[in-house]
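Residue numbers (full-length UniProt numbering), protein chains in the order written: chain V, 1 to 192; chain C, 1 to 192.
Protein chains: 2
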Amino acid sequence: MARTKGFDPDAAVDAAMDVFWSNGYAGTTPQQLVDALGIGRGSLYNAFTSKHALYERALRRYHERETARLIEILDGHGPARERIRAAVDLVLAASLDDDERRGCMVTNAAVEFGGRDEIVGHLVRRALDRQQAALKSTIEEGQRAGDIDRDADAGALAAFFLTTLNGIRVLAKADPDPARLSSLADTALRLL
Amino acid sequence: MARTKGFDPDAAVDAAMDVFWSNGYAGTTPQQLVDALGIGRGSLYNAFTSKHALYERALRRYHERETARLIEILDGHGPARERIRAAVDLVLAASLDDDERRGCMVTNAAVEFGGRDEIVGHLVRRALDRQQAALKSTIEEGQRAGDIDRDADAGALAAFFLTTLNGIRVLAKADPDPARLSSLADTALRLL
DNA sequence: GCAATTTTGTAACTCTAGTTCAAGAAAGGT
DNA sequence: ACCTTTCTTGAACTAGAGTTACAAAATTGC
Chain V
1 MARTKGFDPD
11 AAVDAAMDVF
21 WSNGYAGTTP
31 QQLVDALGIG
41 RGSLYNAFTS
51 KHALYERALR
61 RYHERETARL
71 IEILDGHGPA
81 RERIRAAVDL
91 VLAASLDDDE
101 RRGCMVTNAA
111 VEFGGRDEIV
121 GHLVRRALDR
131 QQAALKSTIE
141 EGQRAGDIDR
151 DADAGALAAF
161 FLTTLNGIRV
171 LAKADPDPAR
181 LSSLADTALR
191 LL
Chain C
1 MARTKGFDPD
11 AAVDAAMDVF
21 WSNGYAGTTP
31 QQLVDALGIG
41 RGSLYNAFTS
51 KHALYERALR
61 RYHERETARL
71 IEILDGHGPA
81 RERIRAAVDL
91 VLAASLDDDE
101 RRGCMVTNAA
111 VEFGGRDEIV
121 GHLVRRALDR
131 QQAALKSTIE
141 EGQRAGDIDR
151 DADAGALAAF
161 FLTTLNGIRV
171 LAKADPDPAR
181 LSSLADTALR
191 LL
């Protein structure tokens, strides 16, 4: 009944994600997208409507893909504090193994857009809330299991670790110095 | 011998700082600068050479002006832990009293440029290093005075608080919710 | 194979970014 | 008063952003 797309939209969103992740929203041009996705301008706009709409999809994709790894670790098994440590270590490792210094795309989006974009703001909040919720339930599990202080405020601790993770992303962007970053996990974990 | 400038360059840099602070580098247009500085395009480029050069001056100005307030608190008198608390509270208060959600311009610069701009990178590192150094010496003072554990690693704690401050800026940009942010100082301070 | 429909590639278009330039205006030294 | 220098204004310029338009091509159901 109709011609089928000559490219894989999912793969295209992945490619767009990479470009936006590296250059930010304002820093990305249609030409870069065309080059990276390997499709013509016409197909780009036909399939994705606008740069902004594509960015939204890319950010969603990032959230699904990258945040999922964090959540997976937090929702895993083993002592809660070790899971939290593994989560911090994951971010630390990602920050150090990031030659391009793209950081976390959610953090980048939060900083680039601030409160100036309802849609992006919503996506960012969802992503952060999801992380904080995973942290919180891991902490609560630890409290039930007895390896984390039962009197601690799990919500406050979760917000705090979320802050730490984002702080690490910022620091690593400015100065990806292993010596500076490596102690952060140990220090933060002392709170548990 | 020569005509004198019809505007105050210092005031112009201040105005430029505001624009860049609100919109980021890529998000700022020459027209916005012209409007905000109240001078013609010609004067702008005659006085400041380029958008990038003006941004550098604006970022330096920010560092001199805003970071100074942090340092001032840290270098003040009184028990070290109270100074650290005051510093965290300052950032928290700044984040909550920020309707535009511009956050910290140094944090924003770190995230926007990552490793892609030597000059900006250098400025950002200087600003962060300065903050970390102030944190460190405050902590060391507290250790000498006895109100902070002498066995703690002051450098690691300083890096950690720097991370926390930047994390707060990011969180506040995404969701300036007092309930979420207000507990962060208490939680972080528990490390001392 | 035909109709219907969608994709594709390319050109085109508008608008603005980022910068430069030319011509005149102010200031100071002499 | 003049000369030099620097500043100012505003137009002008190039390049590219972001998007749309269109004609040709491809696909599928029938």
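For glycine and all other residues, C-beta sits at the position ideal for the given N, C-alpha and C.
Short CB-CB distance (under 8 Å) between residue i and chain V
i                     : result
E66 (chain C)         : no
V13 (chain C)         : no
G142 (chain C)        : no
E118 (chain C)        : no
T138 (chain C)        : no
F53 (chain C)         : It should be pointed out that residue 53 (chain C) corresponds to Ala in this sequence rather than to Phe. So, not an interface residue.
G114 (chain C)        : yes
Q180 (chain C)        : Checking the sequence, you will find Arg at residue 180 (chain C) rather than Gln. So, interface residue.
residue 197 (chain C) : No information on residue 197 (chain C) is available, as it lies outside the stretch 1 to 192 that chain C covers here.
Cutoff 7 Å; reference residue i; Cβ partners in own chain excluding five residues on either side
i                     : result
E76 (chain V)         : Looking at the sequence shown, residue 76 (chain V) is not Glu but Gly. Around G76 (chain V): R83.
residue 275 (chain C) : Outside the displayed range of chain C (1 to 192) lies residue 275 (chain C), so it cannot be described from this structure.
D14 (chain V)         : R61
A80 (chain C)         : T138, I139, E141, G142, A145, D147, I148
A58 (chain C)         : V13, A16, M17, F20
K51 (chain V)         : P30
Residue-level contact to chain C via CB, residue i, 8 Å cutoff
i              : result
K173 (chain V) : yes
A26 (chain V)  : yes
V19 (chain V)  : no
I168 (chain V) : yes
S50 (chain V)  : no
E72 (chain V)  : no
L191 (chain V) : yes
L59 (chain V)  : no
A16 (chain V)  : no
A80 (chain V)  : no
L135 (chain V) : no
C-alpha distance - residue i paired with residue j, whole-angstrom precision
i              : j              : result
A2 (chain V)   : V34 (chain V)  : 24 Å
R101 (chain V) : S22 (chain V)  : 8 Å
D97 (chain C)  : M17 (chain C)  : 18 Å
L128 (chain C) : D8 (chain C)   : 29 Å
F113 (chain V) : V120 (chain V) : 7 Å
A156 (chain V) : D149 (chain V) : 13 Å
L70 (chain C)  : A47 (chain V)  : 49 Å
R169 (chain V) : C104 (chain V) : 6 Å
A179 (chain V) : A185 (chain C) : 25 Å
S95 (chain C)  : D89 (chain C)  : 10 Å
F161 (chain V) : A188 (chain V) : 8 Å
R126 (chain V) : Q132 (chain V) : 10 Å
I73 (chain V)  : A158 (chain V) : 15 Å
G24 (chain C)  : T28 (chain V)  : 14 Å
S43 (chain V)  : E56 (chain V)  : 18 Å
T49 (chain C)  : D10 (chain C)  : 15 Å
L92 (chain V)  : R41 (chain C)  : 45 Å
K173 (chain C) : D117 (chain V) : 11 Å
A68 (chain V)  : R130 (chain V) : 10 Å
A86 (chain C)  : T163 (chain V) : 18 Å
R190 (chain C) : L181 (chain V) : 20 Å
A152 (chain V) : S183 (chain C) : 12 Å
A134 (chain C) : A26 (chain C)  : 31 Å
L192 (chain V) : R65 (chain V)  : 28 Å
G78 (chain V)  : G115 (chain V) : 38 Å
Close Cβ partners of residue i (< 8 Å) along its chain, the five nearest in sequence each way excluded
i              : result
T4 (chain C)   : none
P176 (chain C) : S95, L96, D98, R101
Close beta carbons around residue i, own chain, < 6 Å, minus the five adjacent residues each side
i              : result
Q32 (chain C)  : V19
I39 (chain V)  : F7
T107 (chain C) : N166, R169
L37 (chain V)  : A12, A15
L123 (chain C) : L59
H63 (chain C)  : A127
L54 (chain V)  : A16, F48
A110 (chain V) : V124
L171 (chain V) : none
According to a CB-to-CB cut-off of less than 8 Å, which residues of the segment 151-162 of chain C neighbour chain V?
Correct list: D153, G155, A156, L157, A159, F160, L162.
Contacting positions in the segment 85-102 of chain C - beta carbon closer than 7 Å to chain V:
Within the segment 85-102 of chain C, the qualifying residues are R101, R102.
Contact set between the UniProt DNA-binding region "H-T-H motif" (29-48) of chain V and chain C, restricted to residues whose Cβ is under 7 Å from the partner
The UniProt DNA-binding region "H-T-H motif" (29-48) of chain V vs chain C, Cβ under 7 Å: nothing.
Contact list for the segment 122-133 of chain C against chain V, Cβ threshold 7 Å:
Here the close residues are V124, R125, L128.
Could you please tell me which residues of the segment 1-12 of chain V, in chain order, have their CB closer than 9 Å to any CB of chain C?
Taken residue by residue, none of the segment 1-12 of chain V has a beta-carbon sitting less than 9 Å from a beta-carbon on chain C.
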